[in-house]
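Worksheet for the structure shown next.
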DNA sequence: TCGGGCCATGTTACAGTGTATCAGCCGCAC
DNA sequence: GTGCGGCTGATACACTGTAACATGGCCCGA
Ligand SMILES: [Zn+2]
Ligand SMILES: [Zn+2]
Ligand SMILES: [Zn+2]
Ligand SMILES: [Zn+2]
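Protein chains in written order, with this note's numbering: chain S, 334 to 509; chain A, 334 to 509.
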């Protein structure tokens with residue numbers, strides 16, 4: 334996993350899982366810190382609820398259902414209803430901080446800078462449940478050409494691939 | 334719409350909607366007739382329930398939810414539960430007679446002959462709700478190359494595009 | 001012929017996913 | 001202050017999908 338193909342500043346983003354931080358100096362910024370900065374730049378409110386939802390999703394590193402998120406956020410006298418999570422997810426999705434995975438009815442955090450139009454490919458591992466996203470310009474151009482030929486004007490694209498990620502394949506090979 | 338790119342016998346399949354028949358002589362066969370033939374060839378049961386579910390979906394020509402199908406099949410003393418529809422849809426999907434549209438939680442009939450491995454692109458029109466499927470070899474090869482480079486072994490692919498189909502675009506252009 | 005396995009279906013209950021609606025709160029502009 | 005818009009809480013509900021169990025038909029071996 335972790336094979337993002339289009340970098341903002343020229344190196345792979347090896348997100349290191351639960352800590353929610355990148356491994357390099359330039360972007361030594363947690364997912365929530367980055368989100369707060371972006372919302373400030375856009376004049377939007379990065380409320381505690383939205384921050385916590387994003388933190389939970391970012392810490393998980395794999396697709397998480399809205400009810401799972403609510404459950405993780407509840408406890409110790411706090412009870413977060415799923416409907417609140419959905420509203421926060423709507424916001425985060427619109428801001429590009431979270432992606433929805435249609436085939437899983439789940440959400441995954443995103444720390445990349447890709448515009449609205451970018452067509453992303455999601456790689457979902459059946460073995461470890463991990464997910465990775467990548468931009469694939471060759472796929473995108475081939476798809477756009479095909480759509481144009483069919484007279485179809487696209488507004489959004491969903492590309493989700495299930496299979497086995499490199500790590501799991503390697504591990505399975507070693508362990509037989 | 335109706336821009337299927339890989340024909341079984343060399344011409345576009347302009348499915349003519351509710352009658353469920355193709356427009357040419359060679360394949361003057363309804364969706365249910367074809368399904369019955371295929372099931373017979375494969376030694377499987379094409380039961381009345383499965384036939385009716387397929388007929389409903391084929392007649393609609395656009396993605397239909399399981400509960401919608403159940404509703405259309407009920408009435409006049411007959412009551413079809415959604416769970417029965419789901420079981421029939423499982424069968425039809427496995428046999429390639431129906432496709433599931435992840436982004437809509439809906440199902441659409443298919444009268445094409447594409448193997449299991451084919452990665453299909455679904456074109457869903459936001460305006461008329463119609464759907465079309467096509468094989469796009471260029472997209473498929475570009476995607477496979479990208480996946481191979483990422484060390485990912487795919488088992489299934491989902492490609493669903495939302496937008497405006499050619500007919501709707503043309504109509505909108507004419508009517509302003 | 002009888003029994004048993006297999007398959008398809010019916011039926012009920014339930015889990016999971018997502019939305020509608022109303023109410024309260026808060027910050028801000030007028 | 002008063003209103004207005006955005007955020008959240010809370011309840012109810014609609015929609016989607018599955019588990020579990022029972023029934024009936026069919027084939028097949030005992
Ligand atoms: Zn992203
Ligand atoms: Zn894996
Ligand atoms: Zn098809
Ligand atoms: Zn259309």
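Here a beta-carbon is modelled for each residue, glycine too, at the ideal position from N, C-alpha and C.
Keep in mind the model is a prediction, meaning the values are calculated, not measured.
Can you pull the chain A residues whose beta carbon is under 9 Å from the beta carbon of residue 485 of chain S, in chain order? 334, 336, 456, 458, 465, 494, 496, 497, 498, 499 and 502
Limits of the unbroken beta strand (DSSP E) element including residue 440 of chain S: 439 to 442 is the span of the beta strand (DSSP E), which, as asked, contains residue 440 of chain S.
Supposed contact pair residue 435 of chain S and residue 493 of chain S - C-beta distance, whole angstroms, cut 8 Å: 7 Å
Assign residue 461 of chain A to one of three DSSP states: helix, strand, or coil. coil
Within the continuous beta strand (DSSP E) that includes residue 363 of chain A, where are the two ends? No beta strand (DSSP E) contains residue 363 of chain A, which DSSP labels as neither H nor E.
Cβ-based burial, residue 463 of chain S [other Cβ within 10 Å; buried from 16]: The residue is buried, with at least 16 neighbouring Cβ atoms inside 10 Å.
For ligand 1, list every residue whose C-beta falls under 7 Å from any of its heavy atoms, going in chain order. S/429, S/432, S/443, S/445, S/447, S/453 and S/466
Flag this pair as touching only if the segment 466 to 473 of chain S and the segment 443 to 456 of chain S have three or more C-beta atom pairs under 8 Å; answer yes or no. yes
Taking the alpha carbon of residue 432 of chain S as the reference point, which residue from S/378, S/473, S/505 and S/490 has its own alpha carbon closest? S/490
Between the beta-carbon of residue 498 of chain A and the beta-carbon of residue 424 of chain S, is there less than 8 Å? no
Are residue 472 of chain S and residue 454 of chain S touching if we call contact CB-CB under 8 Å? yes
Would you mind sorting residue 483 of chain A into buried or exposed? The rule is 16 or more other CB atoms within 10 Å of its CB. buried
Quick check for students: name the residue ranges of the beta strand (DSSP E) that lie wholly in the segment 406 to 448 of chain S, counting only runs of 3 or more. 431 to 434 and 439 to 442
For residue 358 of chain S and residue 388 of chain S, what's the separation of their Cα atoms in angstroms? Low confidence applies to residue 358 of chain S: its pLDDT is 41, below 50, so where it sits in the model is not reliable, and the reading given next is rough at best. Cα to Cα, the separation comes out at about 21 Å.
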